[in-house]
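The structure appears below as structure tokens.
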Amino acid sequence: MAQITMTQALNLAIDEAMAEDPGVFCLGEDVSAKQGGGVFKVTQGLTEKYGAHRVRATPISETAIVGAAVGAALAGQRPIAEIMLMNFVAVCMDQIVNHAAKLRFMSGGQTPCPIVIRTTTGVGVGFGGQHSDMLEAWFAHVAGIHVVTPSNPADARGLLRASIDANDPVIFIENILCYGLKGEDPGPGYRVPLGKAAVAREGSDISLITYGRTVLDALDVASDLAKEGISVEVIDLRTIAPYDEATVLASVRKTGRALTLHEAVRPFGTGAEIAANIQEKCWDSLKGPVRRVGGTFSAVPFASHLEQAWIPTKPKIVEQIKLAMGRL
Amino acid sequence: MAQITMTQALNLAIDEAMAEDPGVFCLGEDVSAKQGGGVFKVTQGLTEKYGAHRVRATPISETAIVGAAVGAALAGQRPIAEIMLMNFVAVCMDQIVNHAAKLRFMSGGQTPCPIVIRTTTGVGVGFGGQHSDMLEAWFAHVAGIHVVTPSNPADARGLLRASIDANDPVIFIENILCYGLKGEDPGPGYRVPLGKAAVAREGSDISLITYGRTVLDALDVASDLAKEGISVEVIDLRTIAPYDEATVLASVRKTGRALTLHEAVRPFGTGAEIAANIQEKCWDSLKGPVRRVGGTFSAVPFASHLEQAWIPTKPKIVEQIKLAMGRL
Amino acid sequence: MPAIDRDKLRDIYTRTMKVNRTDEKFRALLMQGKVAVMYYCVRGQELVSAAAMAALEPQDYVVCTYRGQGEQTAKGIPMEKWWGECLGKATGTCKGKGGTMHITDPATGIMVTTGVVGSGLPIANGLAMASQNNGDGRVTLVSFGDGAANIGAFHEALNMAQLYKLPVIFLCQNNRYGEHTAYADHTASPSIAMRAEGYGMKGVRVDGNDVFQIYPAVKEAVERARAGEGPTLIEAMCYRMMGHFFGSDFSYMPPEHLEEMKREDPLPKLRKVMLEHQFTEEELDAIVAEIDAQIDAAVAHALAAPLPDVDEIYRDVLEETA
Amino acid sequence: MPAIDRDKLRDIYTRTMKVNRTDEKFRALLMQGKVAVMYYCVRGQELVSAAAMAALEPQDYVVCTYRGQGEQTAKGIPMEKWWGECLGKATGTCKGKGGTMHITDPATGIMVTTGVVGSGLPIANGLAMASQNNGDGRVTLVSFGDGAANIGAFHEALNMAQLYKLPVIFLCQNNRYGEHTAYADHTASPSIAMRAEGYGMKGVRVDGNDVFQIYPAVKEAVERARAGEGPTLIEAMCYRMMGHFFGSDFSYMPPEHLEEMKREDPLPKLRKVMLEHQFTEEELDAIVAEIDAQIDAAVAHALAAPLPDVDEIYRDVLEETA
Ligand SMILES: Cc1ncc(C[n+]2csc(CCOP(=O)(O)OP(=O)(O)O)c2C)c(N)n1
Ligand SMILES: Cc1ncc(C[n+]2csc(CCOP(=O)(O)OP(=O)(O)O)c2C)c(N)n1
Ligand SMILES: [Mg+2]
Ligand SMILES: [Mg+2]
């Protein structure tokens, strides 16, 4: 099969959806041809194909961007809004949380709000404190919205396509460090259903539950630890919320141990919900407490070696697994 | 001792701080004398005493309100900003999270940001989907900020005073349904230190960990269950984040069982962090999984009987306690 | 004075009285303790809403606020459904889940009623953007207050609307107060309308109590929008003759203001216009009587209607829970 | 043409060249691969920043953006600390924790450097509010871009500033682009300055490449602010002569624009002004040579400086972790 990058995978998903459905359109800062198709080039080539009305470069006005997406969705269209970096959701939470997520419920089901909000973030590029946060936990805590993130190009294509299909709002989180990641192209029409996790690697000793970029770290750690005789099962959530509880619980019932992992800061992160739920539902299967690894509880620092120390590195993951296994 | 309402307690704390420190001032929509001292009257009488510069009625501009508080704090003052209802933080998260919470860290300690953001919320008054949310989990997940909420007038006075003293930003959450609550006035100069929980009622069978309005429900449930021979220890966190881990863990080590309770929706709520942490740190003391009770995972509905069904009612709390005790 | 034909005058009068009688009825029910919900009175602003809705076509979109009774009833939401929603009944537009601050009725074009100040403007742009994209010829009107003109969403929405020449109308109902705060205490410029210029947009300020100002202003904006000429900001001057919401204190309003407000009351003014245009007292009274009858029937229906099923709290969260 | 005395001209020239030589040095280091960090070039905007800082007093406050090198160095942050921060060293203003986008140096009045577009404006109001409250006579200047003028925070901040007559100056550096988007593609009005009127504020547009326009404009705004006459919005026209950040592509800029930009380059223009004012080539070269020597020393110092302690990730989170 052909190899594609994450960026190409995303672009293909959007391209395909736009070709099939005239109601799909993109909007966001710098997204159109005149600006080079977005600062991360995800929307490159689409203006030429679908025209300026369907690839709208916007002012720096995130509230107006998401608000416009909400309004267009109420009128039956399927907007894909780009928020350049995840920290900027902080200026438009109202449109996302008080409106997009609630309009189906508050209208008694009359006005579903099928929008996709694509955004990106990531620690390790030296962007500093205001451009690196992973804020998925905020959205996971809000009813009425899907939170999705891919860890590889095939999933990127399939999850984005499914997100555009969805009849509810989706926060679609990309990781800057993964745009160049290569992988197999699953081909046209490919969908990965929302709410379904993947067992990225099977194992029998411990379930390592993660998503996005850290799936790569998890897989590395799993293959390293296999050499030491520890069999790690890696679960890639793909949809962070509402997440695939069945797959997670089945895995933990099998392995008897669990570790959650995310780049977001650990306290009150998504790992807390997963851990709390596992211990409640799998109490009798657990051989020890569920452990959690996450980013350091501070703003992301600028200096490169501080930033590297900040992230949940592989040694930290290994340490927690060994603790869980009683091997430390 | 004299009895005061929650509203009076809050007003006294601010009044006292303004009298002692000329750098303390209030700003927010409708807060000054000309508007009657705020829609919930917490700032009543302060304009007359301290002048219009120190009780500034603002336009409906939450970003400008919190931003102004941040700037004034950088210049050495101690602003108290009022965000009329908690859902409106969604329009100004950037100033709170990307700025107030991070400026100490990002400046390498040069610019602490001592602001108090007072806000209120609550389910049960028929305000519907956009005016009733409890969003403390968002802030708890952010480094560099204290999240505080009182459950009685004495704590309100003491916690607000301590929040104004604090050299870091504080989100101070009030509950609309509690403004009229009466209790003892602890008197001038009273402080309740941030980060210290209260054991609101001692017990030996299960630790019920909660904060704010639901402390009242917890105490009711505890006294009801005492009659059935179940001894419930009620922990009032008072500071939701960073919370008093020592008090919580000590209680659970004693009782061997724990239940978290909040009005906020259950998934990815603050109870998840507390539960995840308890099971990790008190594994050997636990007689069963930590359980959680929270609001229904939807927007808050309008119709009164739906709203009542939405909240974590006392029967739901009792049910979880009995489950934990093996009595169901 | 631009002319308005008699049919349109009758239409505007009917809509105005529908708004007013609904408002009176709601206040009566609240006063009698027959219902106990949040209600944001529209007394003093009836004509603005009614004239604006009369300038739209049925398929046009409207976005309004918690103080949206005027737009909602004047646009034509069936009264039974409207009252049902306000009373939290299963028969309401939103099955009682939205409530007085969140009335939605796509069938009559009431697409969103928001409780967050200013947040309707960006959403209105989106509705208009959809119309621009799919060429359906619809126009979107968003109503908001003077206080809302100071929130960021207003600014972002106006700039974006003009940039794309969206078919949208920004109708600011300047009732002189944002909750307890008077205009001059929240805004330093003499008008909201003049802000339009800073977006390269057309802006007009009109007397919202004068049918010959408000109706033509909206009508022209609708025509411009429909012709692809872009958005208009209309500032309609009016008065909020009651407190911010029913039952709330309004002692902060100075007596001169209360006097002025009474002098400018749109209802006697409109009645006078109607009489000048050869409508008879009897004709006008008959219109009101019919409205009252409809309202009474709708209220009776809503009062008798069933409560929503308790499981509604789990429904309509996501599609799979629908 | 308003006169600027020779001392002030020398001062402005020195600050301008400090900004420019710092920019050149940074680009050289990046090009040579000696450092690898995000850097937002200020080529083409040197004079705006320098003249603005020259119009302030040392105790005045400044809020700037990721593209704030000009304000930062021209206001007088010690070079060693500035370079230390940009290189992520323990000797930096923020111990390497803030970085190029987040330089803070309260000693010289650089109070916040924000990476979130437009968010500095409300914060500047707060600094100015503190000065108004405590009567310290300080003025606050906030610098931002043309793109930032379309975000809600701009609007809210300007209205509030005028309402309270805060001693604040809003300096919009209109470099014709917001990232890849040209002015006309993000703003429908012919100028940003004209928006001031909608807040009852004074607004002026000036040529930021002409010292006789930009310096007096800021100076006057400072005087008005200091005298309690309130805020001013200044739109300084200039060019961003490089891409959005160092190394980023700028193929989206049309050739005519690049031509125009070169013609309007503030540096040759300022040099000409200096010569016309009887400064000699030698004098001017000596100023630059001294700056270069200072920069070289500062860069050497920063390159040799220690990295911050790894435990810094746990410090300065809350007071108890300081
Ligand atoms: C973002 C936000 N801030 C504050 C409020 C609280 N609030 C509700 S209505 C209102 C006043 C709005 O005034 P205006 O826009 O003039 O509308 P009016 O009520 O006069 O119709 C305020 C402050 C809110 N709903 N949303
Ligand atoms: C709220 C927000 N949205 C988007 C961005 C991404 N971004 C960074 S700089 C920039 C362009 C800003 O343009 P302008 O205000 O003109 O300043 P300039 O870069 O030209 O100095 C954008 C869109 C951001 N930092 N913050
Ligand atoms: Mg108003
Ligand atoms: Mg620019």
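Residue numbers (our numbering), protein chains in the order written: chain A, 1 to 328; chain B, 329 to 656; chain C, 657 to 978; chain D, 979 to 1300. Built from N, CA and C at the ideal position, the CB exists for glycine as well.
Taking C-beta to C-beta, are residue i and residue j nearer than 8 Å?
| i | j | result |
| --- | --- | --- |
| residue 623/B | residue 638/B | yes |
| residue 1082/D | residue 1092/D | no |
| residue 779/C | residue 203/A | no |
| residue 529/B | residue 547/B | yes |
| residue 867/C | residue 929/C | yes |
| residue 1177/D | residue 1137/D | yes |
| residue 704/C | residue 742/C | no |
| residue 1266/D | residue 1203/D | no |
| residue 721/C | residue 800/C | yes |
What does the alpha-carbon distance come out to for the pair residue i and residue j?
| i | j | result |
| --- | --- | --- |
| residue 992/D | residue 1206/D | 30 Å |
| residue 221/A | residue 141/A | 29 Å |
| residue 135/A | residue 116/A | 16 Å |
| residue 691/C | residue 724/C | 19 Å |
| residue 615/B | residue 599/B | 19 Å |
| residue 1181/D | residue 1174/D | 5 Å |
| residue 1059/D | residue 349/B | 34 Å |
| residue 1088/D | residue 434/B | 13 Å |
| residue 1072/D | residue 513/B | 44 Å |
| residue 1004/D | residue 438/B | 25 Å |
| residue 571/B | residue 976/C | 36 Å |
| residue 81/A | residue 420/B | 20 Å |
| residue 280/A | residue 291/A | 14 Å |
Based on DSSP bridge pairs, tell me the residues matched to residue i.
| i | result |
| --- | --- |
| residue 79/A | 25/A |
| residue 291/A | 259/A |
| residue 715/C | BP columns for residue 715/C are empty, so no partner. |
| residue 535/B | 561/B and 586/B |
| residue 1180/D | 1210/D |
| residue 1123/D | 1151/D |
| residue 494/B | Note: residue 494/B sits in no beta bridge, so no partner. |
| residue 720/C | 769/C |
| residue 526/B | 564/B |
| residue 761/C | 766/C |
| residue 453/B | Answer is none; residue 453/B lacks a bridge partner. |
| residue 1215/D | 1152/D and 1185/D |
I need the boundaries of the alpha helix (DSSP H) containing residue i, first residue and last residue.
| i | result |
| --- | --- |
| residue 995/D | 984-1009 |
| residue 512/B | Counting along the chain, residue 512/B falls outside any alpha helix (DSSP H), though it belongs to the beta strand (DSSP E) covering 510-512. |
| residue 1235/D | 1233-1241 |
| residue 836/C | No alpha helix (DSSP H) holds residue 836/C; DSSP gives it neither H nor E. |
| residue 598/B | 598-609 |
| residue 957/C | 937-960 |
| residue 1200/D | 1189-1204 |
| residue 705/C | 702-710 |
Following the continuous beta strand (DSSP E) through residue i, name the residue where it begins and the one where it ends.
| i | result |
| --- | --- |
| residue 174/A | 170-175 |
| residue 384/B | 383-385 |
| residue 3/A | 3-5 |
| residue 446/B | 444-449 |
| residue 646/B | Note, residue 646/B: premise wrong, no beta strand (DSSP E); alpha helix (DSSP H) at 642-652. |
| residue 147/A | 146-148 |
For review: beta carbons within less than 7 Å of any heavy atom in ligand 4: 1123/D, 1124/D, 1125/D, 1151/D, 1152/D, 1153/D, 1154/D, 1155/D, 1156/D and 1218/D
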